[in-house]
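Protein chains in written order, with our numbering: chain B, 5 to 425; chain E, 5 to 612.
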Amino acid sequence: MAPEKNKSIFRNVDKTLVLLYLALVFIGWINIYAAVHNTDHSSIFDLSQNYGKQLLWIGTSLIIVVMILLTDTRFFNVFAYGIYGIVIVVLIGVLFFGKEIYGSKSWFQIGGFALQPAEFGKFATNLAIAKYLSSIDFDKKKKLSKFIPLVIIGIPAILILLQNDTGSALVYASFGLVFYREGMPAYILAIIAGLAVLTIMALLINQFVLMGCLFALAVLIFYFYRKQRKVWGFIIALFIASSAYISTVDYAFDHFLEPHQQTRINVLLGKKIDIKKDGYNVNQSKIAIGSGKLLGKGFLKGTQTKFNFVPKQSTDFIFCTIGEEWGFLGALVLISLYISLFVRIVMIAERQRTDFARIYGYGVASILFFHFAINIGMTIGLIPVIGIPLPFLSYGGSSLWAFTILLFIFIKQDSTRLSGR
Amino acid sequence: MPVRFARSDRKLLILAIFIATGFIYLARIFYLQVINKSYATSANNNVLRYVTQYPARGLIYDRNGKVLVVNEAVYDLMVVPREAKHADTAQICSLLGLSKEDYIKRMETACKYSMMLPSAFEKQISKETYGYLQEKLYRLQGFYVQPRTIRKYPRAVAAHLLGYVGEVTPGYIEKNPYYKQGDYIGVNGLERTYEKELRGIKGMKIRMVDVHNRDVGSFEKGAYDTAAVMGSDLYTGIDLDLQEYGEQLLANKKGSAIAIEPQTGEILCFISSPTYDPNLLVGRVRSKNFAQLNNDSITKPLYNRAIMGLYPPGSTFKMAVDLVGLQMGVITPNTYFSCQGPESWPIKCTHYHGSPLNVYSAIEQSCNPFHFQVFKAILNDPRYSNIRDRYDVWYKHLFSMGFGHSLKTDLAYELNGYIPTVNFYDKTYDKRWNTMTVRSLSIGQGEILTTPVQLVNYAGMIANRGFYYPPHVVRSVGNMKNKTPFSTRKNISSIDAAHYDVIKKGMELVVERGTATAAKLDNIAIAGKTGTVQNPHGGDHSLFIGYAPAGNPKIAICVVIENAGYGSTYAAPIASLMIEKYLMHTVTHKENEERFKNMNLLYGSRKK
Numbered sequence: 005m006a007p008e009k010n011k012s013i014f015r016n017v018d019k020t021l022v023l024l025y026l027a028l029v030f031i032g033w034i035n036i037y038a039a040v041h042n043t044d045h046s047s048i049f050d051l052s053q054n055y056g057k058q059l060l061w062i063g064t065s066l067i068i069v070v071m072i073l074l075t076d077t078r079f080f081n082v083f084a085y086g087i088y089g090i091v092i093v094v095l096i097g098v099l100f101f102g103k104e105i106y107g108s109k110s111w112f113q114i115g116g117f118a119l120q121p122a123e124f125g126k127f128a129t130n131l132a133i134a135k136y137l138s139s140i141d142f143d144k145k146k147k148l149s150k151f152i153p154l155v156i157i158g159i160p161a162i163l164i165l166l167q168n169d170t171g172s173a174l175v176y177a178s179f180g181l182v183f184y185r186e187g188m189p190a191y192i193l194a195i196i197a198g199l200a201v202l203t204i205m206a207l208l209i210n211q212f213v214l215m216g217c218l219f220a221l222a223v224l225i226f227y228f229y230r231k232q233r234k235v236w237g238f239i240i241a242l243f244i245a246s247s248a249y250i251s252t253v254d255y256a257f258d259h260f261l262e263p264h265q266q267t268r269i270n271v272l273l274g275k276k277i278d279i280k281k282d283g284y285n286v287n288q289s290k291i292a293i294g295s296g297k298l299l300g301k302g303f304l305k306g307t308q309t310k311f312n313f314v315p316k317q318s319t320d321f322i323f324c325t326i327g328e329e330w331g332f333l334g335a336l337v338l339i340s341l342y343i344s345l346f347v348r349i350v351m352i353a354e355r356q357r358t359d360f361a362r363i364y365g366y367g368v369a370s371i372l373f374f375h376f377a378i379n380i381g382m383t384i385g386l387i388p389v390i391g392i393p394l395p396f397l398s399y400g401g402s403s404l405w406a407f408t409i410l411l412f413i414f415i416k417q418d419s420t421r422l423s424g425r
Numbered sequence: 005m006p007v008r009f010a011r012s013d014r015k016l017l018i019l020a021i022f023i024a025t026g027f028i029y030l031a032r033i034f035y036l037q038v039i040n041k042s043y044a045t046s047a048n049n050n051v052l053r054y055v056t057q058y059p060a061r062g063l064i065y066d067r068n069g070k071v072l073v074v075n076e077a078v079y080d081l082m083v084v085p086r087e088a089k090h091a092d093t094a095q096i097c098s099l100l101g102l103s104k105e106d107y108i109k110r111m112e113t114a115c116k117y118s119m120m121l122p123s124a125f126e127k128q129i130s131k132e133t134y135g136y137l138q139e140k141l142y143r144l145q146g147f148y149v150q151p152r153t154i155r156k157y158p159r160a161v162a163a164h165l166l167g168y169v170g171e172v173t174p175g176y177i178e179k180n181p182y183y184k185q186g187d188y189i190g191v192n193g194l195e196r197t198y199e200k201e202l203r204g205i206k207g208m209k210i211r212m213v214d215v216h217n218r219d220v221g222s223f224e225k226g227a228y229d230t231a232a233v234m235g236s237d238l239y240t241g242i243d244l245d246l247q248e249y250g251e252q253l254l255a256n257k258k259g260s261a262i263a264i265e266p267q268t269g270e271i272l273c274f275i276s277s278p279t280y281d282p283n284l285l286v287g288r289v290r291s292k293n294f295a296q297l298n299n300d301s302i303t304k305p306l307y308n309r310a311i312m313g314l315y316p317p318g319s320t321f322k323m324a325v326d327l328v329g330l331q332m333g334v335i336t337p338n339t340y341f342s343c344q345g346p347e348s349w350p351i352k353c354t355h356y357h358g359s360p361l362n363v364y365s366a367i368e369q370s371c372n373p374f375h376f377q378v379f380k381a382i383l384n385d386p387r388y389s390n391i392r393d394r395y396d397v398w399y400k401h402l403f404s405m406g407f408g409h410s411l412k413t414d415l416a417y418e419l420n421g422y423i424p425t426v427n428f429y430d431k432t433y434d435k436r437w438n439t440m441t442v443r444s445l446s447i448g449q450g451e452i453l454t455t456p457v458q459l460v461n462y463a464g465m466i467a468n469r470g471f472y473y474p475p476h477v478v479r480s481v482g483n484m485k486n487k488t489p490f491s492t493r494k495n496i497s498s499i500d501a502a503h504y505d506v507i508k509k510g511m512e513l514v515v516e517r518g519t520a521t522a523a524k525l526d527n528i529a530i531a532g533k534t535g536t537v538q539n540p541h542g543g544d545h546s547l548f549i550g551y552a553p554a555g556n557p558k559i560a561i562c563v564v565i566e567n568a569g570y571g572s573t574y575a576a577p578i579a580s581l582m583i584e585k586y587l588m589h590t591v592t593h594k595e596n597e598e599r600f601k602n603m604n605l606l607y608g609s610r611k612k
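This is the structure:
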């Protein structure tokens with residue numbers, strides 16, 4: 005235990021996490037500078053440019069960090085629902101008074117800056133989930149207890165979906181990992197994984213061919229288990245359920261998805277290869293990253309990102325700049341930093357004395373991981389184009405603030421895990 | 005205090021998902037960046053634009069430093085269709101005098117080529133239009149003006165000599181990767197022969213463009229850029245004034261006139277008539293004009309008679325017969341043969357003169373029977389056992405005088421001419437041939453064919469008493485000191501120099517009091533020989549070869565006027581005018597000058 009005389013707010017703060025945070029923020033800033041660099045505005049502090057603004061966001065984020073560390077730990081537990089409630093109200097408000105940017109009505113315009121409330125929904129929801137799952141009301145055996153967490157994540161997810169920001173809404177799926185850690189049966193994860201495989205297959209292959217294959221598979225399994233009559237019913241049920249699901253996916257794809265969402269998925273699956281149109285973003289992104297080779301082209305030497313071949317290169321496609329200018333070595337360092345961050349958060353979450361802190365910690369890790377996986381997976385063509393930021397790196401005040409708050413509430417919890425304050 | 009670590013499998017699975025994702029992503033990135041090389045290439049294709057810098061072609065000067073060919077800047081209006089969507093269409097149409105339909109049509113062509121790459125919207129805009137355009141250009145998005153150079157001929161002469169440039173063909177590009185589609189290359193004349201020297205070295209600018217194909221600066225600050233190097237200038241031996249004068253004299257006549265400086269083989273003028281204005285085969289009007297010239301099947305203005313026209317040399321050949329005879333010793337300057345004039349057999353004489361006569365008088369009077377006797381003596385030389393060996397000796401002497409083979413001048417498409425060989429006669433006459441069979445050769449008729457350039461070379465060789473340098477146009481390339489290799493290619497005939505003195509004396513007499521008195525000048529002694537050449541294409545060709553001043557030759561000349569008539573009536577006085585023009589820069593027989601300038605012999609002489 006740290007000596008009592010050290011009353012600094014940084015007492016017991018996990019230095020590894022803070023260093024990882026600062027490293028990522030710094031990497032983000034210099035790469036935003038590289039992405040939008042031009043000789044007209046060569047000062048890295050130019051406030052008219054994204055990198056100048058990002059510096060402003062970084063500065064304010066550090067103020068937020070200090071404020072969080074000064075706050076009593078118990079505040080977040082006590083006011084978890086309150087914060088959640090406020091954010092929900094704001095999310096509803098943005099639907100009516102928000103400004104539409106890039107087709108998403110999810111922004112509040114305040115002076116020259118735009119704020120995106122959806123970003124703040126993540127830590128608020130995480131607080132609410134941690135609060136509920138750690139409360140005495142929560143009983144794994146009760147059906148209601150299983151239902152309420154789904155409502156807690158469902159409300160903001162639906163509100164964000166209504167803002168036409170599918171990517172941010174999908175983030176709420178990351179709580180699945182938290183639920184799994186807190187006792188959700190493993191078969192649910194297995195079913196989710198199975199559904200994912202079936203979904204992809206259904207989109208790739210003609211549904212009747214796929215059903216035929218499944219039927220053949222069922223017959224095969226049937227043959228092996230022909231002496232165990234109990235399994236028969238299960239196999240038949242599984243086959244019927246799978247077939248029904250495939251039809252549903254096909255129908256849903258054709259009728260519920262917007263055309264641009266359909267093409268994004270088609271591009272990813274390789275069904276549609278038109279690099280001039282729909283596949284443009286991903287193709288240019290891969291070209292930018294691929295052209296970095298082993299060691300990269302060097303700082304500010306990237307041509308693909310600088311000359312706008314890659315769209316949104318300082319926000320959603322910031323990883324392209326890193327891949328192009330710093331090469332595989334840079335990507336290796338960056339991904340190592342992220343994985344270290346996630347692993348460290350999980351390790352620290354596990355050492356918490358309160359359920360609230362632990363659950364919150366898993367929420368942080370899951371949300372950050374989800375962003376990381378979706379964002380980088382998108383730039384390297386493994387996942388459809390879903391516009392969500394890369395935590396701490398992407399340009400944007402709302403997201404940097406929100407991720408900073410998300411992480412530092414956890415760091416604050418951890419730093420006071422022994423004293424409770 | 006004890007720290008609680010939950011050793012649950014669930015934690016491990018979650019950690020495993022995190023780490024596995026990291027590894028999968030790294031593997032994918034490794035594939036993109038290190039294993040698959042195509043992305044790096046695509047990146048270069050995305051951003052780098054290789055812009056060729058075209059050098060101006062070298063200039064061509066005459067022997068007095070007057071310029072024959074210059075470059076003129078022209079301006080191509082280029083368009084990038086993608087950027088030109090909002091351009092002021094009406095403005096462009098009115099500036100270029102286009103209709104709206106024209107505009108749409110041209111735009112469609114440009115779009116078909118590329119939306120993002122520039123293509124020529126209007127080629128070679130006049131300077132005036134360019135001036136207007138430049139003021140309006142800021143309002144014409146997507147349009148810009150690209151300067152180029154094209155050839156311009158300040159004095160519209162020497163078309164056949166200079167040749168022309170044209171767009172390189174796909175087949176040629178395949179064999180010569182230096183050229184790219186749309187490049188220009190010398191197609192004929194000096195432009196062709198000296199293409200490598202004239203073309204210069206193309207430069208390359210590597211520009212970077214952004215996603216909208218906008219130029220965003222040079223690549224690596226231009227470290228890999230190369231500047232275009234202008235082509236080397238050509239310094240020719242042409243006398244521009246003589247060239248122009250000769251073309252005027254040969255206007256409306258089919259034929260050619262070539263003059264050389266005997267000591268060096270430098271071509272002083274090179275005329276093939278009818279000719280054309282070389283400015284016609286430049287720029288946007290080239291293809292239309294070329295087709296027009298090419299379709300003129302009567303006068304064939306594109307046909308280069310000076311090196312491609314094949315003529316029997318006629319009487320101009322008689323000196324060669326005498327030279328071989330003298331060299332073989334079958335005649336001497338004191339050998340006399342008799343002539344019965346029109347009664348002579350087997351070849352009658354067309355001139356009236358005393359008989360018997362020696363070689364001097366025979367040349368002077370162009371006596372046919374005398375030269376038949378010389379030829380007969382050659383083919384009956386008792387030192388050789390049969391006619392084939394004797395004929396071979398004759399053949400080899402002629403060959404050494406520049407007949408029967410291309411002289412390797414610096415002009416493309418020069419023909420070989422023809423001297424019949426032993427084999428030819430063996431085949432034609434089934435090995436049964438003799439002096440009588442080939443007797444026409446003695447007076448330069450029959451199967452023998454020569455080009456005007458061979459004839460002028462022959463005249464120069466006589467002037468030089470037995471040697472010649474191949475006739476050539478270009479003295480030096482790049483600078484005056486960088487001589488072309490012709491000055492090292494001295495050819496010495498197999499005839500002793502002393503025999504030429506005999507011939508030269510005869511040729512002086514020709515002009516002094518023989519068949520070419522029409523060429524006689526008071527102030528310049530001209531040596532020469534006329535020829536009136538029978539041919540199957542119509543009236544006789546009028547020929548004259550000669551050199552002057554006789555004592556110290558500065559110019560050798562050959563004039564051929566097709567289907568005109570006697571050599572003494574047309575070719576000789578024209579040659580005389582040209583000689584005087586070259587040596588004195590002015591002519592005394594103004595009436596002759598006027599007469600020939602206005603004479604039309606395109607459809608044969610009226611007398612015939």
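Don't be surprised by glycine CBs; every beta carbon is placed ideally from N, CA and C.
- Cβ proximity to chain E below 7 Å picks out Leu298, Thr307, Gln308, Phe311, Asn312 and Phe313 from the region 298-318 of chain B.
- Annotation for Ile129(E): Val78, Tyr79, Asp80, Leu81, Leu100, Leu137 and Val149 place their beta carbon closer than 8 Å to its own, counting only its chain and skipping 5 residues before and after.
- Leu254(E) is not a Cβ neighbour of His503(E), given a cutoff of 8 Å.
- Counting C-beta atoms within 10 angstroms of its own C-beta, Ala84(B) has 16 or more neighbours from the protein chains shown and is therefore classed as buried.
- Residues Ser123 of the same chain have their beta carbon placed closer than 6 Å to that of Tyr117(E), with the five preceding and five following residues left out of the count.
- The way I'd put it, the region 204-216 of chain B doesn't touch the region 130-139 of chain B; fewer than three beta-carbon pairs between them come closer than 8 Å.
- At a cut-off of 8 Å between beta carbons, Ile18(E) contacts chain B.
- Within 10 angstroms of the beta-carbon of Trp405(B) lie 16 or more other beta-carbons, which makes it buried.
- Contact with chain E is absent for Phe142(B), since none of that chain's Cβ atoms lies less than 8 Å from the residue's Cβ.
- A residue is called buried once 16 or more other Cβ atoms fall within 10 Å of its Cβ, and Thr173(E), having fewer, is exposed.
- Neighbourhood of Ile23(E) in chain B, by CB distance below 9 Å: Ile343, Phe346 and Val347, in chain order.
- Judged by pairs of C-beta atoms under 8 Å, the region 390-408 of chain B does not touch the region 143-152 of chain B, as fewer than three such pairs exist.
- In the three-state reduction of the DSSP assignment, Asn539(E) falls in the strand class.
- In the DSSP secondary-structure assignment, Gly550(E) is bridged to Gly532(E) and Ile561(E).
- Glu265(E) has Glu270(E) as its beta-bridge partners, per DSSP.
- Among the bridge pairs identified by DSSP, Ser480(E) is matched with Tyr239(E) and Lys487(E).
- Residue range Phe147 to Lys156 is occupied by the beta strand (DSSP E) that includes Arg155(E).
- As computed with DSSP, Arg53(E) is found in a beta bridge with Arg211(E).
- By the criterion of a C-beta distance shorter than 7 Å, Leu445(E) is surrounded in its chain by Phe379 and Ile452, once the five residues flanking it on both sides are discounted.
- The shortest C-alpha to C-alpha distance from Cys562(E) to any of Leu459(E), Gly569(E) and Leu411(E) is the one to Leu459(E).
- Setting aside the 5 residues that flank it on each side, Ile382(E) is surrounded in the same chain by Val328, Gly329, Met332, Val334, Arg394 and Trp398, each with a C-beta closer than 7 Å to its C-beta; the list follows chain order.
- Assignment of Gly221(E) by DSSP, reduced to helix, strand and coil, places it in the strand class.
- Residue pairing by DSSP puts Ala124(E) in a beta bridge opposite Met82(E).
- Contact annotation, Gln538(E) with Gln449(E): C-beta distance approximately 6 Å; criterion of less than 8 Å satisfied.
- Here His541(E) is exposed: its Cβ has fewer than 16 other Cβ atoms, across all protein chains shown, within 10 Å.
- Note: Leu119(B) is bridge-paired with Phe112(B) in the DSSP secondary-structure output.
- Beyond the five residues adjoining it in sequence on each side, Lys156(E) comes within less than 6 Å, by CB distance, of Val74 and Glu76 in the same chain, given in chain order.
- Taking CB atoms only, Val350(B) has a neighbour in chain E less than 8 Å away.
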